[in-house]
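Chains A and B, in that order, give the protein sequences.
First residue of the first sequence? That's 236 in the working numbering, and the numbers climb one at a time after it.
First residue of the second sequence? That's 789 in the working numbering, and the numbers climb one at a time after it.
This report refers to the structure that appears directly beneath it.
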Amino acid sequence: MSDLIKTFLFYDRQADKPIFVKRSRDIDYSFDGPDFYSVETAAAAPITASENGLLKRKVAVAIWLRTIMAVIDRGVSDDFSERSLKAIPVDDASRSKFLKLTAEEKQLLKERILLNRKRFEQKILAAKTIEEVESEFLMMRNSVQIGIYSPIERELRKIYEDY
Amino acid sequence: MKTIDTEQIRQYIVELKPEVRDFPLDATSGLFDAGALDSYTVIMLIQTLEERLDIVFDYSDLRAFNFENLEAILKLLKTKYDVK
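This is how it looks when you write it as structure tokens:
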């Protein structure tokens with residue numbers, strides 16, 4: 236476990252006041268929007284000061300998105316780990332081809348996760364009202380795209396059943 | 789040092805999803821199978837635990853099996869995050 240805890244401070248550009256604080260060991264929460272920016276620091280976080288509800292909500296939703304995408308990415312790494320792949324019965328003659336294909340599939344999935352994260356993030360950051368943020372948040376949560384690799388097997392099974 | 793038990797974790801989940809109050813959950817009930825947690829609420833629970841217990845989860849611990857039941861969550865908190 237990493238002992239270094241980073242603190243990400245999010246600032247309201249116009250008021251130049253902090254709006255949100257997020258601490259993390261590994262996940263990168265640095266992202267900027269047209270109306271806020273983030274600063275990474277190792278220092279303790281100050282108390283949030285700005286009352287800008289729209290910006291706070293945007294940052295909160297974007298943080299949720301980054302966290303779940305990190306969890307999904309972790310799931311892909313686990314499922315495609317050497318240990319997991321060894322457990323799949325493939326004859327010796329085909330194993331190297333199998334490993335090459337799974338490596339490509341893993342790469343594609345990870346690229347897709349990153350692409351989806353960027354796509355959702357852009358929409359959230361560009362939102363002009365809290366209603367827009369909530370609408371995009373709902374879309375994200377309900378999206379099958381975000382479930383291309385759901386961290387929750389039960390949800391993944393549900394997606395398969397629905398199709 | 790913060791303290792916690794399975795009932796407190798259950799209360800945090802209820803705060804995020806009030807209908808869970810009526811779910812017949814014990815410490816080993818599957819939270820995902822029961823519908824108490826999903827990919828939305830599990831992330832919110834992670835954030836709630838971080839804020840209330842003043843901890844920061846390690847990325848490698850953000851796996852579904854660590855959150856599959858109240859006992860698993862409690863075990864993770866006690867063994868890795870110095871929560872009693």
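Glycine residues also receive a C-beta, built at the ideal position from the N, C-alpha and C atoms.
Count the other C-beta atoms from every protein chain shown that fall within 10 angstroms of the C-beta of residue i, then say buried if there are 16 or more, exposed otherwise.
| i | result |
| --- | --- |
| A/MET374 | exposed |
| A/PHE245 | buried |
| A/ILE323 | exposed |
| A/ASN377 | exposed |
| A/ILE307 | buried |
| B/ARG809 | exposed |
| A/LYS332 | exposed |
| A/ASP267 | exposed |
| A/ARG354 | exposed |
| A/MET304 | buried |
So for residue i, helix, strand or coil by DSSP?
| i | result |
| --- | --- |
| A/GLY268 | strand |
| A/SER331 | helix |
| A/LEU244 | strand |
| A/ILE254 | strand |
| B/THR867 | helix |
| A/GLU286 | coil |
| A/VAL325 | coil |
| B/VAL830 | helix |
| A/SER273 | strand |
| A/SER312 | helix |
| A/SER319 | helix |
| B/SER817 | coil |
Just to make sure I have the definition right: I need the residues of chain A whose C-beta is within less than 7 Å of the C-beta of residue i. Which are they?
| i | result |
| --- | --- |
| B/VAL844 | ILE240, ARG258, SER259 and ARG260 |
| B/TYR800 | Ordered by position in chain A, no residue passes the 7 Å Cβ test against B/TYR800, which lies about 16 Å from the chain. |
| B/ILE797 | Near B/ILE797 there are no residues of chain A at all, since even the closest Cβ is about 18 Å away, more than 7 Å. |
Rank the options by C-alpha distance to the C-alpha of residue i and give the top, closest one.
| i | options | result |
| --- | --- | --- |
| A/ILE298 | B/TYR800, B/GLU795, B/ILE834 and B/LEU858 | B/ILE834 |
| A/GLN357 | A/GLU339, A/GLU275, A/ARG301 and A/ILE262 | A/ARG301 |
| B/ALA822 | B/GLU856, B/VAL871 and B/ASP846 | B/GLU856 |
| B/GLU807 | B/ILE792, B/THR791 and B/THR829 | B/THR829 |
| A/SER273 | A/ARG260, A/LYS241, A/SER312 and A/ILE303 | A/LYS241 |
| A/GLN249 | A/ARG318, A/GLU286 and A/GLN342 | A/GLU286 |
| B/THR794 | B/SER827, B/LEU804 and B/LYS863 | B/LYS863 |
| A/GLU340 | A/SER259, A/MET304, A/LEU320 and A/PHE271 | A/LEU320 |
| B/ILE801 | B/LEU865, B/LEU825 and B/VAL844 | B/LEU825 |
How long is the line joining the alpha carbons of residue i and residue j, rounded to whole angstroms?
| i | j | result |
| --- | --- | --- |
| B/GLU838 | A/ARG330 | 43 Å |
| B/LYS840 | A/VAL256 | Checking the displayed sequence, the identity of residue 840 of chain B turns out to be Arg instead of Lys. The alpha-carbon atoms of B/ARG840 and A/VAL256 are separated by roughly 14 Å. |
| A/GLY288 | A/VAL296 | 12 Å |
| B/ASN854 | B/ILE861 | 6 Å |
| A/GLU371 | A/LEU290 | 14 Å |
| B/ASP849 | A/LYS345 | 19 Å |
| B/GLY818 | A/LYS252 | 43 Å |
| A/LYS363 | A/LEU334 | 46 Å |
| B/PHE820 | B/ALA852 | 9 Å |
| B/ARG798 | A/GLU369 | 26 Å |
| B/THR816 | B/LEU858 | 6 Å |
| B/PHE811 | B/ILE831 | 20 Å |
| A/ALA361 | A/ARG347 | 21 Å |
| B/ASP846 | B/LYS868 | 9 Å |
| A/GLU366 | A/VAL294 | 14 Å |
| A/SER312 | A/PRO269 | 33 Å |
May I ask whether a heavy atom of the ligand FMN can be found less than 7 Å away from the beta carbon of residue i?
| i | result |
| --- | --- |
| B/THR836 | Only the bare structure without any ligand can be found here, which leaves the ligand FMN out of the picture. |
What does residue i touch in chain E if you count any residue whose Cβ is under 7 Å from its own?
| i | result |
| --- | --- |
| A/ILE254 | This model lacks chain E altogether, as its protein chains are A and B. |
In chain B, which residues lie less than 8 Å from residue i when you measure between Cβ atoms?
| i | result |
| --- | --- |
| A/ARG309 | TYR847, SER848, LEU850 and ARG851 |
| A/ASP313 | ARG851 |
Using a C-beta to C-beta distance shorter than 9 Å, which residues of chain A count as neighbours of residue i?
| i | result |
| --- | --- |
| B/ILE792 | None at all; the shortest Cβ gap to chain A is about 19 Å. |
Strictly below 8 Å CB to CB, what residues from chain A border residue i?
| i | result |
| --- | --- |
| B/ILE834 | THR302 |
| B/ILE831 | TRP299, THR302, ILE303 and VAL306 |
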